[in-house]
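Numbering (the numbering used here), first residue to last: 5 to 455. Everything below concerns the one structure shown next.
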């Protein structure tokens, strides 16, 4: 049976037949007991999981045999949720051994006043925080390396990020370099972090990125004009402190973008090759909450119930995608956003309906529960293909309602950009778990359809 398992480096892209024949997700090393259950065409590691892609020529299991085991590992930080919870971050920092915590934020949030609130609580517990706020949207490689230099110079220990996804990714990047050294580029890919990183506490100020609970760090490579995906369980923060009050100071465009990002996380996690019962629950709950509350927060920014619901949606979507990983929408969005420094959630909102139709051709049945989570009652009893189309249409309708452009061309992407974007997409880690394999030509066609 050992002879039927190929090395993952020799089979990097699952074939269409392999995926159609079924995927088993296992944790850790591939064990003899696992191999005894089935014959596999390829082995691919995704984070802490190993995807065993079933061989087309594998013998049919005997009727008496049980199906192969499907195991999963679920990563999650300690979570503190609710209004007025910012002060809990200070107590968490003390528990984690902080003396001189490194607080990462950005100029916009600094102006809103939330970092000052956090600093007050940190000082009240006897800590001496160091503040760094030189972070821009889509954090750049050189920004993170400058933050790391500041961290070392100040003699810091615990890292706190208070802000949106860019701030939290920058904070993760600083913590990564603090323990591992080198350049941030050295860690692009999956599980390339060797040494334990300093404790991290995250306080999200937007309702969508999920960076406060995820094992992802997304950084812009300014030389290649693309986004690097750094992924590994070391990047899951120790504590996530979610105070819905922080969401009330978001501008409308950021509210829309991050809300659509959460929706994309939910949908892509639910159809991912690495999905499971735990991630499915969180994904569907996130989809339902975003669909019911995003527009409400746009119309009534101070609606406390809607803000709490969107904070929960972002959390649930983050728990889903950090464990199930993502798909083609994010793999494509990372490239367009990195090339043109575009808002990630907006690019997702443009691409998502087209990727839904692409993936729906392979796994239409997965979109039926998604349609139901969106309250699309007219799909009951209809063919699964109709659910695919209804979900795609509803995502586009929601994008229209919150002001997302209809095409990538409106964001500055040109036809000349597409060949490079398509090639870069194929090397993005998020494409690994997309439910339908995609070639360069198919990705390019998706980009053109989204123009």
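Every residue, glycine too, gets a C-beta built ideally from N, C-alpha and C.
Open item on the list: Between 196, 213 and 122, which has its C-alpha nearest residue 323's C-alpha?
Closed with: Nearest of 196, 213 and 122 to residue 323, Cα basis: 213.
Open item on the list: Checking 8 Å against the spacing of the C-beta atoms, do residue 118 and residue 166 come in under that value?
Closed with: Yes, Cβ-Cβ distance for residue 118 and residue 166 is below 8 Å.
Open item on the list: Report the CB separation of residue 164 from residue 108 in whole angstroms; it is logged as a contact under 8 Å.
Closed with: Right, their Cβ atoms sit about 7 Å apart.
Open item on the list: If you reduce the DSSP assignment to three classes, tell me which class residue 448 lands in.
Closed with: Residue 448 carries a helical assignment under DSSP once its states are collapsed to helix, strand and coil.
TODO: Go ahead and label residue 78 buried or exposed: buried means 16 or more other beta carbons lie within 10 angstroms of its beta carbon, across all protein chains shown.
DONE: Here residue 78 is exposed: its Cβ has fewer than 16 other Cβ atoms, across all protein chains shown, within 10 Å.
- [ ] Can you have a look at residue 226 and say buried or exposed, based on whether 16 or more other CB atoms are within 10 angstroms of its CB?
- [x] Answer is exposed; the Cβ neighbour count stays below 16.
TODO: Would you check if the distance between the CB atom of residue 330 and the CB atom of residue 437 is smaller than 8 Å?
DONE: For residue 330 and residue 437, yes; Cβs fall inside 8 Å.
Open item on the list: With the cut-off set at 8 Å, would you say residue 92 and residue 217 are in Cβ contact?
Closed with: No, the Cβ-Cβ distance between residue 92 and residue 217 is not below 8 Å.
Open item on the list: Quick check on the DSSP output: the beta strand (DSSP E) that includes residue 222 runs from which residue to which?
Closed with: First-last of the beta strand (DSSP E) with residue 222: 220-225.
Open item on the list: Please return the same chain residues whose Cβ sits closer than 7 Å to the Cβ of residue 219, not counting the five positions on each side in sequence.
Closed with: Within the same chain, Cβ atoms closer than 7 Å to the Cβ of residue 219 are found at 51, 79, 235, 236, 237, 239, 240 and 326, the five residues on either side in sequence being excluded.
Open item on the list: By alpha-carbon positions, which one of 200, 254, 265 and 386 ends up nearest to residue 242?
Closed with: Minimum Cα-Cα distance from residue 242 among the listed residues 200, 254, 265 and 386 corresponds to 200.
- [ ] With distances taken Cα to Cα, identify the nearest neighbour of residue 312 among 75, 85 and 409.
- [x] Looking at 75, 85 and 409, the one whose alpha-carbon comes closest to that of residue 312 is 85.
Task: Buried or exposed (CB count within 10 angstroms, at least 16 for buried), residue 124 - done: Exposed, since its Cβ has fewer than 16 Cβ neighbours within 10 Å.
Task: Ranges of the alpha helix (DSSP H) found wholly within the stretch 397-443, counting only runs of at least 4 - done: Listed in chain order, the alpha helix (DSSP H) elements of length 4 or more contained wholly in the stretch 397-443 are 422-429.
- [ ] Starting from residue 144, follow the beta strand (DSSP E) in both directions and report where the run begins and ends.
- [x] Note, residue 144: premise wrong, no beta strand (DSSP E); not H, not E.
Open item on the list: Tell me which residue opens and which closes the beta strand (DSSP E) that residue 165 is part of.
Closed with: Per DSSP, the unbroken beta strand (DSSP E) holding residue 165 starts and ends at 163-167.
Open item on the list: Pull the bridge partners of residue 85 from the DSSP assignment, please.
Closed with: DSSP lists 246 as partners of residue 85.
TODO: Put residue 213 into one of helix, strand or coil per three-state DSSP.
DONE: Coil.
Task: Where residue 146 falls, given that 16 or more other Cβ within 10 Å makes a residue buried - done: The residue is exposed, with fewer than 16 neighbouring Cβ atoms inside 10 Å.
Open item on the list: Using a Cβ-Cβ cutoff of less than 6 Å, which residues in the same chain neighbour residue 232 once the five nearest sequence positions on both sides are dropped?
Closed with: So the qualifying residues of the chain are 192, 223 and 225.
Open item on the list: Taking the alpha-carbon of residue 206 as reference, which of 186, 250 and 184 has the nearest alpha-carbon?
Closed with: The option with the nearest alpha carbon to residue 206 is 250.
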